[in-house]
Amino acid sequence: MRSTNVTDTSSASPRQAEDADDAMVASSGDAERDDVQNAAAPILDDSSSASADADEEEDEDEEDGDDEDDAAEGAAATGKSGKGTETLFRESEIAADYIEGLLDILDYDGDIDELVSAGRPMVEVVGGRLNALVGTRGATLEALQELARLAVFRQTGTPSRLLLDIGGYRAGRRKELGAVAKNAAEKVKEFGEPVRLEPMSAFERKCVHDVINALAGVESESEGVEPSRRIVVRPSA
Amino acid sequence: MPAQTRRADAGAARRSEKSDLLRPALEHLVKGIVDNPDDVRVRMVDSRRGARLEVRVHPEDLGTVIGRGGRTAKALRQVVGSIGGRGVRVDIMDSY
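Line by line, the protein sequences give chains V and R.
Here the first sequence stands for residues 1238 to 1474, where the numbers follow our numbering.
Here the second sequence stands for residues 1165 to 1260, where the numbers follow our numbering.
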């Protein structure tokens, strides 16, 4: 079953959505462009992949670091990508087709919503028995999102900031991480010492940064290298 | 114990049914991201060392399927592992 809708304000907190988006988009957009340019790259070239990873790390630093400035800009959501709603909707349509094809083959039941939210294409899959497609801590969801973005890229020729959610995983995770962030902030304020959180994905880190940035007296920063990259919350200077 | 045997058989049948889905699922995922979908070939190979899926694509699409630093190949493996292919290797072949 497929349903479609186009909303620019469907998200309860468009600002947060925008931030998280940026976190995921910058790196994957670049990656996709590189994939194409390096189409002739050797399969196993450790040195080149290592340097590529370093680049990506920098991208993520930027994403992570982008907080309030970005949020302010984020108000002009569509302006940022320069894509019209129709183009964005087309992107979510392509991605929905791609994901639907997989569900059909696997005989999984799921309703697929394609929408445009806060200036970016979104595909939401809702239904039972979808845990397999989310994976441990969302690893499979991230993988599918990346593949769906590539599918969009192949058909449109431009990198996509598509967001995929399955079984409400991202929404739920954002909520949990909000509690984690508030908890850490309280500890920091009480003891005046930095608190180091467990390693998280770019999406998860963005969720935490969003919450910390909205609080007075604390600030957050990412440290380390994927997949052990983690947030440190400390008293703000 | 006949009952137990039957149960084991049913389990084996379910497993093979599951892995029958892996090949078309992976084929779909790969076809959707390449420029030459008609040239995508995915084969399930059973060897003594376990099952593996061999992916062949048009040489121009090899870079896309592998991705920067192997991240697309990794994404494909992650999905295959989650949809019943745990322990099934995914090999992207560089000869078409």
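Where a beta carbon is used, it is the ideal one built from N, C-alpha and C, also for glycine.
Quantities reported herein were computed from a predicted structural model and do not represent experimental measurements.
*Between histidine 1222 of chain R and chain V, is there a C-beta pair that is closer than 8 Å?*
False, the Cβ-Cβ gap to chain V never drops below 8 Å.
*For the region 1422–1436 of chain V against the region 1380–1394 of chain V, are there 3 or more C-beta pairs whose distance is under 8 Å?*
In short, these stretches do not touch, since the Cβ pair count stays below three.
*Which residues, taken in chain order from the region 1387–1410 of chain V, show a beta carbon closer than 7 Å to some beta carbon of chain R?*
Listed by position along the chain: Leu1387, Ala1388, Arg1391.
*Collapsed DSSP secondary structure at aspartate 1210 of chain R in the structure displayed*: Looking at aspartate 1210 of chain R - three-state DSSP - the assignment turns out to be strand.
*Among V/Ala1380, V/Arg1442, V/Ala1416, V/Glu1458, which residue has its Cα nearest to the Cα of glycine 1234 of chain R?*
The shortest Cα separation from glycine 1234 of chain R among V/Ala1380, V/Arg1442, V/Ala1416, V/Glu1458 belongs to V/Ala1380.
*Taking the C-alpha atoms as reference points, what is the distance between lysine 1195 of chain R and serine 1397 of chain V?*
Roughly 18 Å between the two C-alpha positions.
*Reduced DSSP secondary structure (H/G/I, E/B, other) of glutamate 1441 of chain V*: Reduced to three states, the DSSP call for glutamate 1441 of chain V is helix.
*At which residues does the beta strand (DSSP E) containing serine 1465 of chain V begin and terminate?*
For serine 1465 of chain V, there is no enclosing beta strand (DSSP E), as DSSP marks it with neither H nor E.
*Taking the C-alpha atoms as reference points, what is the distance between aspartate 1272 of chain V and isoleucine 1468 of chain V?*
Because the pLDDT of aspartate 1272 of chain V is 41, which lies under 50, any placement of that residue in the model is unreliable, and the question is left without a value.
*Answer with buried or exposed for methionine 1261 of chain V, where buried requires no fewer than 16 other C-beta atoms within 10 angstroms of its C-beta.*
Any reading at methionine 1261 of chain V needs caution, since the residue's pLDDT is 44, under 50, leaving its predicted position unreliable; the model's value is listed next. Methionine 1261 of chain V counts as buried, since at least 16 other C-beta atoms from the protein chains shown sit within 10 angstroms of its C-beta.
*On the three-state DSSP scale, how would you describe isoleucine 1247 of chain R?*
Looking at isoleucine 1247 of chain R - three-state DSSP - the assignment turns out to be coil, as it is neither helix nor strand.
*As assigned by DSSP and simplified to three states, the class of proline 1223 of chain R*: Under the three-state reduction of DSSP output, proline 1223 of chain R falls in the helix class.
_Quick check on this structure: which residue in V/Arg1366, V/Thr1395, V/Gln1382 has the alpha carbon closest to the alpha carbon of isoleucine 1247 of chain R?_
Out of V/Arg1366, V/Thr1395, V/Gln1382, the CA that lies nearest to the CA of isoleucine 1247 of chain R is found in V/Arg1366.
_To test your reading of the DSSP string, which unbroken alpha helix (DSSP H) runs of 4 or more residues are found completely within the region 1398–1452 of chain V?_
As far as the region 1398–1452 of chain V is concerned, its whole alpha helix (DSSP H) runs of at least 4 residues are 1406–1428, 1439–1450.
*For the candidate residues V/Phe1440, V/Phe1326, V/Ala1408, whose alpha-carbon lies nearest to that of arginine 1466 of chain V?*
Its Cα nearest to that of arginine 1466 of chain V, the residue V/Phe1440 stands out among V/Phe1440, V/Phe1326, V/Ala1408.
*Using a Cβ-Cβ distance under 8 Å, would glutamate 1328 of chain V count as near chain R?*
Not a single CB atom of chain R sits nearer than 8 Å to the CB of glutamate 1328 of chain V.
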